[in-house]
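Numbering (the UniProt record's numbering), first residue to last: 1 to 313.
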(Lines of atoms letter the chains of each structure in order from A and count residues from 1; the text may use other names and numbers.)
(Lines give C-alpha, C1' and ligand atoms only; values in the text may rest on other atoms or scores of the structure.)
Protein backbone atom coordinates (compact mmCIF):
# COMPACT_ATOMS: atom_id res chain seq x y z
CA UNK A 1 0.00 0.00 0.00
CA UNK A 2 1.47 3.46 -0.87
CA UNK A 3 2.87 5.35 2.11
CA UNK A 4 0.69 8.39 1.43
CA UNK A 5 -2.46 6.25 1.58
CA UNK A 6 -1.31 4.62 4.76
CA UNK A 7 -0.69 8.01 6.39
CA UNK A 8 -4.13 9.25 5.25
CA UNK A 9 -5.73 6.29 7.02
CA UNK A 10 -3.59 6.84 10.12
CA UNK A 11 -1.89 3.45 9.95
CA UNK A 12 1.73 3.32 11.17
CA UNK A 13 4.38 0.94 9.96
CA UNK A 14 4.72 -0.60 13.46
CA UNK A 15 1.04 -1.45 13.88
CA UNK A 16 0.34 -3.08 10.54
CA UNK A 17 2.50 -5.69 8.82
CA UNK A 18 3.17 -4.97 5.17
CA UNK A 19 2.26 -7.82 2.77
CA UNK A 20 4.72 -9.00 0.16
CA UNK A 21 5.40 -6.78 -2.82
CA UNK A 22 2.74 -7.47 -5.56
CA UNK A 23 3.57 -7.91 -9.22
CA UNK A 24 1.76 -5.14 -11.08
CA UNK A 25 -0.96 -2.72 -10.14
CA UNK A 26 -3.82 -5.23 -10.41
CA UNK A 27 -2.04 -7.77 -8.27
CA UNK A 28 -1.39 -5.06 -5.68
CA UNK A 29 -5.08 -4.22 -5.48
CA UNK A 30 -6.10 -7.86 -5.02
CA UNK A 31 -3.43 -8.45 -2.41
CA UNK A 32 -4.63 -5.44 -0.41
CA UNK A 33 -8.18 -6.87 -0.35
CA UNK A 34 -6.93 -10.31 0.67
CA UNK A 35 -4.85 -8.69 3.38
CA UNK A 36 -7.85 -6.80 4.75
CA UNK A 37 -9.88 -10.04 4.79
CA UNK A 38 -7.07 -11.77 6.64
CA UNK A 39 -6.77 -8.95 9.19
CA UNK A 40 -10.56 -8.92 9.64
CA UNK A 41 -10.59 -12.64 10.36
CA UNK A 42 -7.65 -12.26 12.77
CA UNK A 43 -9.39 -9.42 14.65
CA UNK A 44 -12.60 -11.47 14.95
CA UNK A 45 -10.60 -14.10 16.82
CA UNK A 46 -9.20 -11.66 19.36
CA UNK A 47 -6.13 -10.27 17.58
CA UNK A 48 -6.00 -6.46 18.07
CA UNK A 49 -3.68 -3.81 16.73
CA UNK A 50 -1.62 -1.92 19.31
CA UNK A 51 -3.34 1.37 18.31
CA UNK A 52 -6.90 0.02 17.94
CA UNK A 53 -8.00 1.34 21.35
CA UNK A 54 -6.97 4.94 20.70
CA UNK A 55 -9.14 5.69 17.64
CA UNK A 56 -11.32 3.96 14.99
CA UNK A 57 -10.01 3.85 11.47
CA UNK A 58 -12.15 2.12 8.81
CA UNK A 59 -10.00 -0.31 6.83
CA UNK A 60 -12.36 -0.42 3.87
CA UNK A 61 -15.81 0.42 2.62
CA UNK A 62 -17.26 -2.82 4.07
CA UNK A 63 -21.05 -2.62 4.58
CA UNK A 64 -22.39 -2.20 8.08
CA UNK A 65 -25.75 -3.56 9.35
CA UNK A 66 -27.54 -2.94 12.58
CA UNK A 67 -28.50 -6.58 13.23
CA UNK A 68 -27.03 -9.99 12.38
CA UNK A 69 -30.25 -10.86 10.59
CA UNK A 70 -29.89 -7.93 8.21
CA UNK A 71 -26.27 -8.85 7.55
CA UNK A 72 -27.23 -12.46 6.83
CA UNK A 73 -30.03 -11.38 4.49
CA UNK A 74 -27.63 -9.12 2.57
CA UNK A 75 -25.06 -11.91 2.34
CA UNK A 76 -27.64 -14.38 1.01
CA UNK A 77 -28.91 -11.82 -1.48
CA UNK A 78 -25.32 -11.42 -2.70
CA UNK A 79 -24.98 -15.21 -3.08
CA UNK A 80 -28.08 -15.28 -5.25
CA UNK A 81 -26.95 -12.28 -7.27
CA UNK A 82 -23.58 -13.91 -7.96
CA UNK A 83 -25.27 -17.09 -9.17
CA UNK A 84 -23.91 -19.35 -6.44
CA UNK A 85 -25.15 -22.92 -6.98
CA UNK A 86 -25.97 -25.46 -4.25
CA UNK A 87 -23.31 -27.88 -5.48
CA UNK A 88 -20.50 -25.32 -5.23
CA UNK A 89 -17.72 -25.67 -2.69
CA UNK A 90 -17.02 -22.89 -0.23
CA UNK A 91 -13.70 -22.18 -1.94
CA UNK A 92 -15.41 -21.82 -5.31
CA UNK A 93 -17.97 -19.49 -3.77
CA UNK A 94 -15.30 -17.30 -2.19
CA UNK A 95 -13.48 -16.94 -5.50
CA UNK A 96 -16.71 -15.81 -7.15
CA UNK A 97 -18.00 -13.44 -4.47
CA UNK A 98 -14.90 -12.02 -2.78
CA UNK A 99 -14.88 -8.86 -4.90
CA UNK A 100 -18.49 -8.07 -4.06
CA UNK A 101 -18.75 -5.59 -1.14
CA UNK A 102 -21.55 -7.66 0.40
CA UNK A 103 -19.13 -10.57 0.73
CA UNK A 104 -18.10 -8.89 3.99
CA UNK A 105 -21.63 -8.16 5.17
CA UNK A 106 -20.91 -10.90 7.70
CA UNK A 107 -17.59 -10.06 9.34
CA UNK A 108 -16.57 -13.45 10.65
CA UNK A 109 -15.34 -15.88 7.97
CA UNK A 110 -16.64 -18.92 9.83
CA UNK A 111 -20.10 -17.39 10.07
CA UNK A 112 -20.02 -16.67 6.33
CA UNK A 113 -19.28 -20.32 5.61
CA UNK A 114 -22.06 -21.48 7.96
CA UNK A 115 -24.58 -19.18 6.25
CA UNK A 116 -23.37 -20.40 2.85
CA UNK A 117 -23.88 -24.04 3.88
CA UNK A 118 -27.38 -23.29 5.15
CA UNK A 119 -28.10 -21.38 1.93
CA UNK A 120 -26.91 -24.38 -0.15
CA UNK A 121 -29.05 -26.83 1.81
CA UNK A 122 -32.10 -24.58 1.52
CA UNK A 123 -31.56 -24.32 -2.23
CA UNK A 124 -31.32 -28.11 -2.54
CA UNK A 125 -34.56 -28.53 -0.58
CA UNK A 126 -36.33 -25.87 -2.65
CA UNK A 127 -35.09 -27.41 -5.90
CA UNK A 128 -36.44 -30.80 -4.84
CA UNK A 129 -39.80 -29.30 -3.90
CA UNK A 130 -40.03 -27.40 -7.18
CA UNK A 131 -39.10 -30.53 -9.13
CA UNK A 132 -41.74 -32.52 -7.23
CA UNK A 133 -44.42 -29.87 -7.85
CA UNK A 134 -43.47 -29.68 -11.51
CA UNK A 135 -43.68 -33.45 -11.94
CA UNK A 136 -47.02 -33.58 -10.12
CA UNK A 137 -48.51 -30.98 -12.46
CA UNK A 138 -46.93 -32.63 -15.49
CA UNK A 139 -48.35 -36.01 -14.44
CA UNK A 140 -51.85 -34.55 -14.10
CA UNK A 141 -51.59 -32.79 -17.48
CA UNK A 142 -50.26 -35.93 -19.15
CA UNK A 143 -53.06 -38.03 -17.69
CA UNK A 144 -55.65 -35.52 -18.95
CA UNK A 145 -54.14 -35.75 -22.42
CA UNK A 146 -54.03 -39.56 -22.43
CA UNK A 147 -57.64 -39.84 -21.26
CA UNK A 148 -58.66 -38.05 -24.45
CA UNK A 149 -57.41 -41.09 -26.36
CA UNK A 150 -59.70 -44.04 -25.56
CA UNK A 151 -57.83 -46.07 -28.15
CA UNK A 152 -55.01 -46.32 -25.61
CA UNK A 153 -55.72 -49.50 -23.63
CA UNK A 154 -54.09 -51.20 -20.69
CA UNK A 155 -52.03 -53.28 -23.10
CA UNK A 156 -50.92 -50.41 -25.40
CA UNK A 157 -47.17 -49.97 -25.71
CA UNK A 158 -45.26 -46.67 -25.80
CA UNK A 159 -44.07 -47.08 -29.38
CA UNK A 160 -47.70 -47.53 -30.44
CA UNK A 161 -49.10 -44.66 -28.37
CA UNK A 162 -46.43 -42.06 -29.11
CA UNK A 163 -47.58 -41.27 -32.67
CA UNK A 164 -51.12 -40.81 -31.32
CA UNK A 165 -50.16 -38.09 -28.84
CA UNK A 166 -47.00 -36.41 -30.16
CA UNK A 167 -49.07 -33.66 -31.81
CA UNK A 168 -50.70 -32.67 -28.51
CA UNK A 169 -49.69 -29.41 -26.83
CA UNK A 170 -49.37 -31.13 -23.45
CA UNK A 171 -47.00 -33.65 -25.00
CA UNK A 172 -44.57 -30.82 -25.66
CA UNK A 173 -44.66 -29.44 -22.11
CA UNK A 174 -41.56 -31.54 -21.50
CA UNK A 175 -38.66 -32.25 -23.81
CA UNK A 176 -37.47 -35.15 -21.70
CA UNK A 177 -38.32 -38.37 -23.53
CA UNK A 178 -37.68 -40.46 -20.42
CA UNK A 179 -40.22 -38.37 -18.50
CA UNK A 180 -42.79 -38.84 -21.25
CA UNK A 181 -42.27 -42.59 -21.29
CA UNK A 182 -42.39 -42.80 -17.49
CA UNK A 183 -45.65 -40.82 -17.28
CA UNK A 184 -47.20 -42.95 -20.03
CA UNK A 185 -46.20 -46.16 -18.26
CA UNK A 186 -47.66 -44.88 -14.99
CA UNK A 187 -50.93 -44.15 -16.79
CA UNK A 188 -50.99 -47.60 -18.41
CA UNK A 189 -50.24 -49.23 -15.05
CA UNK A 190 -53.30 -47.45 -13.69
CA UNK A 191 -55.36 -48.83 -16.59
CA UNK A 192 -54.04 -52.32 -15.87
CA UNK A 193 -54.98 -52.08 -12.20
CA UNK A 194 -58.46 -50.84 -13.08
CA UNK A 195 -58.84 -53.62 -15.66
CA UNK A 196 -57.77 -56.31 -13.18
CA UNK A 197 -60.12 -54.96 -10.51
CA UNK A 198 -62.98 -54.90 -13.00
CA UNK A 199 -62.14 -58.43 -14.17
CA UNK A 200 -61.99 -59.68 -10.60
CA UNK A 201 -65.39 -58.19 -9.79
CA UNK A 202 -66.94 -59.53 -12.99
CA UNK A 203 -65.44 -62.98 -12.45
CA UNK A 204 -66.80 -63.08 -8.92
CA UNK A 205 -70.27 -62.14 -10.19
CA UNK A 206 -69.96 -64.67 -13.02
CA UNK A 207 -69.09 -67.52 -10.64
CA UNK A 208 -72.06 -66.64 -8.46
CA UNK A 209 -74.30 -66.47 -11.52
CA UNK A 210 -72.98 -69.79 -12.84
CA UNK A 211 -73.82 -71.54 -9.58
CA UNK A 212 -77.40 -70.24 -9.80
CA UNK A 213 -77.54 -71.23 -13.47
CA UNK A 214 -76.40 -74.81 -12.77
CA UNK A 215 -79.09 -75.24 -10.14
CA UNK A 216 -81.73 -74.36 -12.77
CA UNK A 217 -80.53 -76.86 -15.37
CA UNK A 218 -81.92 -79.90 -13.50
CA UNK A 219 -78.72 -81.86 -13.98
CA UNK A 220 -78.57 -85.38 -12.57
CA UNK A 221 -75.85 -86.53 -10.17
CA UNK A 222 -74.49 -88.84 -12.87
CA UNK A 223 -74.37 -86.17 -15.65
CA UNK A 224 -70.98 -86.19 -17.36
CA UNK A 225 -68.87 -83.06 -17.92
CA UNK A 226 -68.88 -83.42 -21.71
CA UNK A 227 -72.68 -83.34 -21.72
CA UNK A 228 -72.97 -80.54 -19.17
CA UNK A 229 -70.46 -78.29 -20.96
CA UNK A 230 -72.61 -78.13 -24.08
CA UNK A 231 -75.74 -77.51 -22.03
CA UNK A 232 -74.13 -74.68 -20.07
CA UNK A 233 -72.66 -72.97 -23.15
CA UNK A 234 -76.03 -73.04 -24.91
CA UNK A 235 -77.90 -71.12 -22.20
CA UNK A 236 -78.90 -67.51 -23.12
CA UNK A 237 -77.23 -65.89 -20.07
CA UNK A 238 -73.95 -67.61 -20.87
CA UNK A 239 -74.09 -66.46 -24.47
CA UNK A 240 -75.25 -62.88 -23.91
CA UNK A 241 -73.75 -61.62 -20.63
CA UNK A 242 -70.20 -60.22 -20.74
CA UNK A 243 -69.32 -61.32 -17.23
CA UNK A 244 -69.31 -64.98 -18.25
CA UNK A 245 -66.56 -64.24 -20.77
CA UNK A 246 -64.19 -63.70 -17.84
CA UNK A 247 -64.52 -67.37 -16.86
CA UNK A 248 -62.04 -69.92 -18.10
CA UNK A 249 -62.96 -73.52 -18.87
CA UNK A 250 -61.27 -74.48 -15.63
CA UNK A 251 -63.53 -72.03 -13.73
CA UNK A 252 -66.61 -73.59 -15.33
CA UNK A 253 -65.36 -77.13 -14.68
CA UNK A 254 -64.66 -76.26 -11.04
CA UNK A 255 -68.18 -74.85 -10.60
CA UNK A 256 -69.65 -77.92 -12.32
CA UNK A 257 -67.72 -80.33 -10.08
CA UNK A 258 -68.80 -78.41 -6.98
CA UNK A 259 -72.41 -78.56 -8.16
CA UNK A 260 -72.12 -82.29 -8.91
CA UNK A 261 -70.75 -82.99 -5.44
CA UNK A 262 -73.69 -81.12 -3.94
CA UNK A 263 -76.10 -83.15 -6.09
CA UNK A 264 -74.38 -86.39 -5.07
CA UNK A 265 -74.60 -85.47 -1.40
CA UNK A 266 -78.27 -84.61 -1.78
CA UNK A 267 -78.91 -87.85 -3.71
CA UNK A 268 -77.07 -89.98 -1.15
CA UNK A 269 -78.82 -88.23 1.72
CA UNK A 270 -82.17 -88.90 0.05
CA UNK A 271 -81.37 -92.58 -0.48
CA UNK A 272 -80.22 -92.93 3.11
CA UNK A 273 -83.38 -91.24 4.34
CA UNK A 274 -85.46 -93.67 2.31
CA UNK A 275 -83.58 -96.59 3.83
CA UNK A 276 -84.08 -95.19 7.30
CA UNK A 277 -87.80 -94.70 6.74
CA UNK A 278 -88.12 -98.25 5.38
CA UNK A 279 -86.21 -99.66 8.35
CA UNK A 280 -88.40 -97.75 10.82
CA UNK A 281 -91.55 -98.92 9.06
CA UNK A 282 -90.42 -102.53 9.05
CA UNK A 283 -89.48 -102.35 12.72
CA UNK A 284 -92.85 -100.83 13.57
CA UNK A 285 -94.59 -103.61 11.60
CA UNK A 286 -92.59 -106.30 13.42
CA UNK A 287 -93.41 -104.79 16.77
CA UNK A 288 -97.11 -104.63 15.88
CA UNK A 289 -97.15 -108.24 14.67
CA UNK A 290 -95.42 -109.47 17.81
CA UNK A 291 -98.00 -107.59 19.86
CA UNK A 292 -100.81 -109.26 17.87
CA UNK A 293 -99.34 -112.72 18.41
CA UNK A 294 -99.05 -112.07 22.14
CA UNK A 295 -102.68 -110.98 22.26
CA UNK A 296 -103.83 -114.10 20.36
CA UNK A 297 -101.83 -116.28 22.72
CA UNK A 298 -103.39 -114.67 25.75
CA UNK A 299 -106.81 -115.23 24.16
CA UNK A 300 -106.00 -118.94 23.73
CA UNK A 301 -106.34 -118.73 19.97
CA UNK A 302 -102.85 -119.96 19.30
CA UNK A 303 -100.52 -122.36 20.99
CA UNK A 304 -97.41 -124.35 20.19
CA UNK A 305 -99.24 -126.59 17.74
CA UNK A 306 -101.18 -123.89 15.87
CA UNK A 307 -100.43 -123.69 12.15
CA UNK A 308 -100.08 -120.45 10.13
CA UNK A 309 -102.98 -121.47 7.90
CA UNK A 310 -105.21 -121.49 10.94
CA UNK A 311 -104.29 -117.89 11.76
CA UNK A 312 -104.13 -116.54 8.21
CA UNK A 313 -106.29 -118.81 6.01
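Backbone N, C-alpha and C define an ideal beta-carbon position, used for all residues, glycine too.
Here the structure is a predicted model, which means the values were calculated and not measured.
Asked                                                                                          : Found
Endpoints, the alpha helix (DSSP H) within which residue 171 is located                        : Where residue 171 is concerned, there is no enclosing alpha helix (DSSP H), given that its DSSP letter is neither H nor E.
Reduced DSSP category for residue 122 - H, G, I as helix; E, B as strand; rest coil            : helix
Contact the segment 181-195 vs the segment 128-145: 3+ CB pairs below 8 Å                      : yes
For residue 161, the three-state DSSP class (helix, strand or coil)                            : helix
Backbone secondary structure at residue 218 - three-state DSSP                                 : coil
Given 8 Å, three or more beta-carbon pairs between the segment 205-218 and the segment 151-167 : no
contact_flag[the segment 278-295, the segment 241-258] where n(CB pairs < 8 Å) is 3 or more    : no
Beta-carbon proximity of residue 255 to residue 211, cut-off 8 Å                               : yes
Residue 294: first and last residue of the uninterrupted alpha helix (DSSP H) it sits in       : 249-298
Same chain, Cβ closer than 6 Å to residue 239, five either side skipped, listed in chain order : none
Buried/exposed call for residue 97, threshold 16 Cβ in 10 Å                                    : buried
Where the alpha helix (DSSP H) containing residue 68 begins and where it ends                  : 68-81
Neighbour-count burial assignment, residue 106, 16 or more Cβ in a 10 Å radius                 : buried
CB of residue 237 within 8 Å of CB of residue 213, strictly                                    : yes
Residue 42, DSSP secondary structure in three states                                           : Because the pLDDT of residue 42 is 41, which lies under 50, any placement of that residue in the model is unreliable, and the question is left without a value.
Cα-Cα separation between residue 152 and residue 146, rounded to whole angstroms               : 8 Å
Beta carbon of residue 112 nearer than 8 Å to that of residue 75                               : yes
Reference residue 196, options 246, 276, 223 and 92, closest by Cα                             : 246
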